[in-house]
Amino acid sequence: MSEITTSSLSAAEVGGDVLVLAARAEADAPVLLGEESGLGILPDLSALPALLSTLGFTAALDAVVRVPTAALEHSRRDSLAPTLLVVGTGDGDDVAALRRAAGRAARDLAGTEHAVFALPADTTERLAAVAEGALEGAYVWSRRVPEPTAPLARITVLTPLGPLPRTLLRRSPADAAAPVLQRARVLAEAVAATRDLVNDPPASLTPTTFVEYARRAADAAGPGRKDGRLEVEVYDDKRLAADGFGGIAGVGQGAVHPPRLVRVAWTPRVKDAEHVALVGKGITFDSGGLSLKPPTSMPTMKSDMAGAATVLSATLAAARLGMPVKTTAWLALAENLPGGAAQRPGDVVTTFDGTTVEVTNTDAEGRLVLADALAAAVAEEPDVVLDVATLTGAQIVALGERVAAVMGSESVRDGVIAAAGRAGEDFWPMPLPAYLRANLESPFADLRNAAVGSRAGGMLVAGLFLREFVGRTPWAHLDIAGPAYNEKSAWGMTPIGGTGFGVATLLAFLEDRITGARQGTDQAE
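Heads up: the sequence shown begins at 104 in my numbering, then just goes up one per residue.
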């Protein structure tokens with residue numbers, strides 16, 4: 104993880120190897136962001152936009168250009184970093200544009216020792232966007248062979264929110280930037296951990312090794328805490344069978360590596376803390392089982408555990424931040440392989456809550472493992488439950504590769520949308536039409552796991568299936584099939600491979616639940 108600090112000094116005083124600027128596209132010439140806001144962090148760079156235009160830089164979205172400081176007039180280059188890096192934001196200049204621009208710059212600066220970010224960061228919201236974008240953009244998958252170029256080592260964000268050096272003051276003022284940077288670090292590390300898990304080869308990340316990782320990560324976040332406790336409980340294959348987790352056991356029965364269910368609980372020492380349950384699909388490799396996927400669909404199926412990685416990372420982040428909301432992550436882990444003991448189309452399984460399900464398609468396995476985990480989660484009577492899954496190809500058909508779907512109880516669904524907006528992630532609300540429920544009717548069981556011979560509304564039918572296992576608990580289903588894995592070119596702060604999508608939204612959602620609970624207490628008093 105890159106080191107990040109803030110400075111309230113000017114760009115000329117901080118120095119660094121590269122000075123990062125952002126520019127918005129305009130008809131005549133690019134407009135530098137921050138220069139017109141009078142932040143006082145930049146020298147007079149009024150001649151730079153014209154120079155950028157001569158270089159053919161239009162400030163198009165994600166475009167970058169490097170300019171030697173020596174190209175500026177002598178009076179305007181004194182003490183500046185040797186290189187200017189300018190990132191285009193298209194026509195955007197809001198918080199989302201800042202986050203993306205900072206991430207794009209950090210990606211481009213791999214191998215650089217010290218970069219100074221002179222993007223608008225005069226409010227806590229803007230500072231958070233720049234810090235989060237820069238840290239997430241600096242990600243590299245460390246287990247790549249051969250070794251990748253090292254990420255940007257040191258980031259300094261120029262902001263008036265940080266304290267001035269003690270040499271300039273009799274006493275140091277409160278540092279408004281400190282909590283913002285702390286949250287940005289924790290979030291970026293959670294996103295990086297999720298990306299690492301998704302990028303790991305499926306031979307390396309089995310249900311068993313995923314459990315080992317969860318234990319190590321919880322051990323690192325939990326010991327010695329006085330503000331709460333962090334616990335890990337593991338259901339092995341024998342316990343899954345004995346306790347009636349037929350969905351998870353059935354999906355994993357064809358694999359050499361047996362299935363697991365992991366419960367990771369952060370319990371703050373706060374009286375009457377709200378309880379949020381997070382359920383994640385963790386298929387460490389999905390071949391489709393006996394309903395085999397086509398070969399072209401399999402290389403990315405190591406990412407089918409992104410939901411479990413997301414909820415685990417969000418829960419550990421909540422613990423690291425000492426958030427006063429009880430957060431329980433349920434990781435439903437299995438490999439879906441066509442072994443000799445594999446589940447067959449036509450089998451009937453019984454889930455944890457006693458529901459019988461006819462398996463009509465073994466490639467609709469995610470909803471089976473989620474059914475068990477959801478039933479176990481709601482048995483603890485949480486205030487709200489979210490499930491996160493790379494569940495359906497229909498989600499990608501409907502919304503593309505960068506927008507996720509959310510459906511469920513209206514209030515919870517809307518809460519996810521609001522949290523995602525602040526987190527800088529794109530979710531779109533989807534309905535659960537009553538007429539599609541007929542697709543789940545079976546003559547042999549309470550439900551069937553997939554409609555036979557129909558692809559209509561596949562994402563919505565999957566949501567309706569999951570709704571059967573939450574009872575009256577407020578609930579939302581987050582289908583992140585498209586955004587969880589990027590097969591194409593990197594963009595903004597998003598690398599190729601695992602993206603960590605959803606972690607920021609979950610963290611924002613948890614924060615909103617704290618705020619809502621406090622407001623409710625105030626009104627009651």
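Just so you know, even glycine gets a beta-carbon here, dropped at the ideal spot from N, CA and C.
Keep in mind the model is a prediction, meaning the values are calculated, not measured.
Please state if the CB of ILE499 and the CB of GLY601 are separated by a distance shorter than 9 Å. no
Would DSSP call ALA521 helix, strand or coil? helix
Nearest CA to the CA of ARG551: which residue from ALA559, VAL460, ILE258 and VAL472? VAL460
Distance check for ALA200 and ALA224, CA to CA, integer angstroms please. 12 Å
Rounded C-alpha distance that separates LEU136 from VAL198: 12 Å
Which term fits ARG303, buried or exposed, when burial requires 16 or more other beta carbons within 10 angstroms of its beta carbon? Arg is not the amino acid found at residue 303; the sequence shown has Asp there. Classification for ASP303: buried.
To the nearest angstrom, how far is it from the Cα of THR430 to the Cα of ARG169? 44 Å
Let me make sure I understand the geometry here. Which of LEU222, GLU216, LEU164 and ALA213 has the alpha-carbon closest to that of ASP194? LEU164
Quick check: the Cα distance between LEU142 and SER557, rounded to an integer number of angstroms? Confidence in LEU142 is poor, its pLDDT being 48 and thus under 50, which makes the residue's placement too unreliable to answer from.
Can at least three beta-carbon pairs, one atom from the stretch 523 to 535 and one from the stretch 460 to 479, be found at a separation below 8 Å? no
Considering MET510, what are the terminal residues of the beta strand (DSSP E) in which it resides? 507 to 511
Ends of the beta strand (DSSP E) at ARG332? 331 to 338
On the criterion of 16 or more Cβ atoms from any shown chain inside 10 Å, does VAL481 qualify as buried, or is it exposed? buried
Can you give the beta carbon distance from LEU563 to LEU543, rounded, assuming they're within the 8 Å contact cut? Going by Cβ atoms, the distance from LEU563 to LEU543 rounds to 11 Å, so no, they are not a contact pair.
Suppose only complete runs of 3+ residues qualify. What are the beta strand (DSSP E) ranges in the stretch 411 to 492, listed by chain order? 429 to 439, 451 to 453, 459 to 461 and 487 to 492
Start-to-end residues for the beta strand (DSSP E) that takes in THR157: Counting along the chain, THR157 falls outside any beta strand (DSSP E), though it belongs to the alpha helix (DSSP H) covering 151 to 157.
Check whether chain C comes within 9 Å of SER245, counting only Cβ atoms and requiring the distance to be less than that. Chain labels in this structure do not include chain C; a single protein chain is all it has.
Give a yes or no on whether the C-beta atoms belonging to ALA420 and VAL367 are separated by under 9 Å. no
Spatial distance of VAL289 from ALA541 (CA atoms): 44 Å
What is the residue span of the beta strand (DSSP E) that LEU381 lies within? 378 to 389
For LEU122, collect the residues of the same chain with a Cβ closer than 8 Å to its Cβ; drop the 5 residues on either side in sequence, then sort them by chain order. ALA114, THR172, LEU183, ALA184, THR186, LEU187, LEU188, ALA218, VAL219 and ALA221
Using the Cβ count rule (16 or more neighbours within 10 Å means buried), how would you classify THR387? buried
Give the range of the beta strand (DSSP E) segment to which MET171 is assigned. The displayed chain sequence assigns Pro, not Met, to residue 171. It spans 167 to 171 - the beta strand (DSSP E) in which PRO171 sits, taken as one unbroken run.
Can you grab the Cα-Cα spacing for the pair GLU250 / ASP299, in whole Å? 14 Å
Residue range of the beta strand (DSSP E) that LEU201 falls in? Element bounds for LEU201: not the beta strand (DSSP E) but the alpha helix (DSSP H), 198 to 211.
What are the complete beta strand (DSSP E) segments, minimum 3 residues, inside the stretch 222 to 267? 257 to 261
For a test of the three-state rule: what should DSSP assign to GLN626, helix, strand or coil? Its pLDDT being 46, under 50, GLN626 is placed unreliably in this model, and the value from its coordinates should be taken loosely. Reduced to three states, the DSSP call for GLN626 is helix.
For THR370, which residues of its own chain have a beta-carbon under 7 Å away from its beta-carbon, when the five flanking residues on both sides are left out? GLY331, ARG332 and LYS429
Quick one: any contact between the stretch 241 to 255 and the stretch 151 to 165, if contact means 3 or more CB pairs under 8 Å? no
Considering only the alpha carbon of each residue, which of ASP211, ALA476, ALA417 and LEU477 lies closest to ALA320? ALA417
Helix, strand or coil for SER514? Go by DSSP, reduced to three states. helix
For GLY560, collect the residues of the same chain with a Cβ closer than 6 Å to its Cβ; drop the 5 residues on either side in sequence, then sort them by chain order. LEU539
Contact check, VAL283 vs GLU239, beta carbons under 9 Å: no
Would you mind stating whether VAL134 and PRO152 have Cβ atoms separated by less than 9 Å? yes
Per the DSSP calculation, PHE220 is bridged to which residue(s)? VAL123 and VAL260
Top-ranked residue by Cα proximity to SER99, from SER400, ASP490, ALA432 and ALA352: Absent from the model: residue 99. The displayed extent of the chain is 104 to 628, so no value can be given.
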